[in-house]
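S.K.:
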Amino acid sequence: MRLLIFGLSVAVAMLLFRACDRPVADNGVPTDPVWEIVDRAIKVHGGETVARASIQFNFRQYHFVVTRDNGVYSYERTYTDEQDTYREVLDNDGITRSVNGQAVALTDDEKRRLLTPLNSVPYFALLPYNLSDPAVRPRILGTTVIGGESYDKIEVAFSEVDGGKDFEDRFVYWFHQERHTMDYLAYTFHSGDGGTRFREAHNVRRIGGVIFQDYHNYISDSLSLPDSPIEQYDDLFQAGELKLLSEIELKGISVTPLQP
Numbered sequence: 030m031r032l033l034i035f036g037l038s039v040a041v042a043m044l045l046f047r048a049c050d051r052p053v054a055d056n057g058v059p060t061d062p063v064w065e066i067v068d069r070a071i072k073v074h075g076g077e078t079v080a081r082a083s084i085q086f087n088f089r090q091y092h093f094v095v096t097r098d099n100g101v102y103s104y105e106r107t108y109t110d111e112q113d114t115y116r117e118v119l120d121n122d123g124i125t126r127s128v129n130g131q132a133v134a135l136t137d138d139e140k141r142r143l144l145t146p147l148n149s150v151p152y153f154a155l156l157p158y159n160l161s162d163p164a165v166r167p168r169i170l171g172t173t174v175i176g177g178e179s180y181d182k183i184e185v186a187f188s189e190v191d192g193g194k195d196f197e198d199r200f201v202y203w204f205h206q207e208r209h210t211m212d213y214l215a216y217t218f219h220s221g222d223g224g225t226r227f228r229e230a231h232n233v234r235r236i237g238g239v240i241f242q243d244y245h246n247y248i249s250d251s252l253s254l255p256d257s258p259i260e261q262y263d264d265l266f267q268a269g270e271l272k273l274l275s276e277i278e279l280k281g282i283s284v285t286p287l288q289p
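Under the working numbering, the sequence shown is numbered contiguously, ending at residue 289.
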């Protein structure tokens, strides 16, 4: 897992805007009910706005500018240390970096290291928008009740062809059956020593037509391995058996829709 958030390879980053290869009826409605749940959540969270907008936010010491225009995209990160100001960009043409306004050459290894934070932070911040990615393979695990509220439990895995080197990572999302919001998620990761996480959304707010939410980030001693059954996280959460690891917070958010 990358940057304690999420990681997809550049292959996935370049495919964020392709239509999913999914079965649909003659009227264009997906025939698999799992896609109805996912598509509804994307719409409720403001996916139509995200598709053509410039979105800015601060995450920890970094300022991000995420711009999408139906296939053209730019993920920009700027930050300052004691001496220098850095600007790093992932877009359709690749990855670039400048220091104090001057472009610097990057090795292939440096580009691979930059790919993780440049792609993963915006990806996760704007979920569930990118669950329409062609590499996504969702399936319904069932329904459950958390805090007296009913949820659809959806597993998401990734195809090996389009899923990048992290295609083995697995996710579970809990979508509220009435609000159609993504209120909880769990995931596995195989990078480093591997592990799992569970996140509870809070501080939910709608800005410029898009839902943004912060997360309490939990771990479990009993689900610590990458092959752990993370679909059990909701039971452990309700039993109070999780440990709070960190807080995931977005600040200074603004959304500017692009002009036609």
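The beta-carbon is built from N, C-alpha and C at its ideal position, and this holds for glycine as well.
Who are K140's beta bridge partners in DSSP?
M.R.: Paired residues: none, contrary to the question.
S.K.: Within 10 angstroms of its Cβ, does N148 collect 16 or more other Cβ (buried), or is it exposed?
M.R.: buried
S.K.: Can you tell me where the alpha helix (DSSP H) with P62 in it begins and where it stops?
M.R.: P62 to V73
S.K.: What are the residues that DSSP puts in a beta bridge with E276?
M.R.: H245
S.K.: Assign R166 to one of three DSSP states: helix, strand, or coil.
M.R.: Under the three-state reduction of DSSP output, R166 falls in the strand class.
S.K.: With a cut-off of 8 Å on the beta carbons, I'd call S257 and T225 a contact; round off their distance for me.
M.R.: Confirmed, about 5 Å.
S.K.: Does the count of Cβ pairs from the region 154-171 and the region 124-143 closer than 8 Å reach three?
M.R.: no
S.K.: Which value, in whole angstroms, describes the spacing of the CA atoms of L254 and Y202?
M.R.: 19 Å
S.K.: What number of angstroms, rounded off, separates the C-alpha of E278 from the C-alpha of D61?
M.R.: Cα-Cα distance, rounded: 34 Å.
S.K.: Can you tell me whether V190 is buried or exposed, with buried defined as 16 or more other CB within 10 angstroms of its CB?
M.R.: Confidence in V190 is poor, its pLDDT being 49 and thus under 50, which makes the residue's placement unreliable; the coordinate value appears in the next sentence. Label assigned to V190: exposed.
S.K.: Just the C-alpha distance for Y216 and E111, rounded to the nearest angstrom, thanks.
M.R.: The C-alpha of Y216 lies about 35 Å from the C-alpha of E111.
S.K.: Identify the continuous alpha helix (DSSP H) that holds R78 and give its terminal residues.
M.R.: The sequence shown places Thr at residue 78, not Arg. Counting along the chain, the alpha helix (DSSP H) containing T78 begins and ends at G76 to V79.
S.K.: Run through DSSP, which three-state label would S188 get?
M.R.: coil
S.K.: Excluding the 5 residues flanking R69 on each side, which residues of the same chain have their C-beta closer than 6 Å to its C-beta?
M.R.: H209
S.K.: Can you tell me whether P289 is helix, strand or coil according to DSSP?
M.R.: coil
S.K.: Report the residue from G100, Y104 and Y108 whose alpha carbon sits nearest the alpha carbon of R89.
M.R.: Nearest C-alpha to R89: Y108.
S.K.: Would you check if the region 171-187 and the region 112-119 touch, i.e. whether three or more CB-CB distances between them fall below 8 Å?
M.R.: no
S.K.: Using the Cβ count rule (16 or more neighbours within 10 Å means buried), how would you classify D195?
M.R.: Low local confidence applies: a pLDDT of 47 at D195 is under 50, so the model's placement there is unreliable, with the coordinate-based value given in what follows. Label assigned to D195: buried.
S.K.: How many whole angstroms separate the CB atoms of E260 and E184, which I take to be in contact at a CB cut-off of 8 Å?
M.R.: Right, the Cβ-Cβ distance comes to about 7 Å (below 8 Å), so this counts as a contact.
S.K.: Specify the secondary structure class of Q85 as computed by DSSP and reduced to three states.
M.R.: strand
S.K.: DSSP state of L214, grouped into three classes?
M.R.: strand
S.K.: Please state whether DSSP places Q131 in a helix, a strand or coil.
M.R.: strand
S.K.: How far does the alpha helix (DSSP H) with V265 in it reach, from first residue to last?
M.R.: The residue you asked about is not Val; residue 265 is Leu in the sequence shown. Segment Y262 to Q267, the alpha helix (DSSP H) holding L265.
S.K.: So what does D120 bridge to, in DSSP terms?
M.R.: S103 and G123
S.K.: Would you mind sorting Q242 into buried or exposed? The rule is 16 or more other CB atoms within 10 Å of its CB.
M.R.: buried
S.K.: DSSP three-state label for D222, please.
M.R.: Note: D222 maps to coil in three-state DSSP.
S.K.: With a threshold of 16 other CB atoms inside 10 Å of the CB of A268, please say whether the residue is buried or exposed.
M.R.: Exposed.
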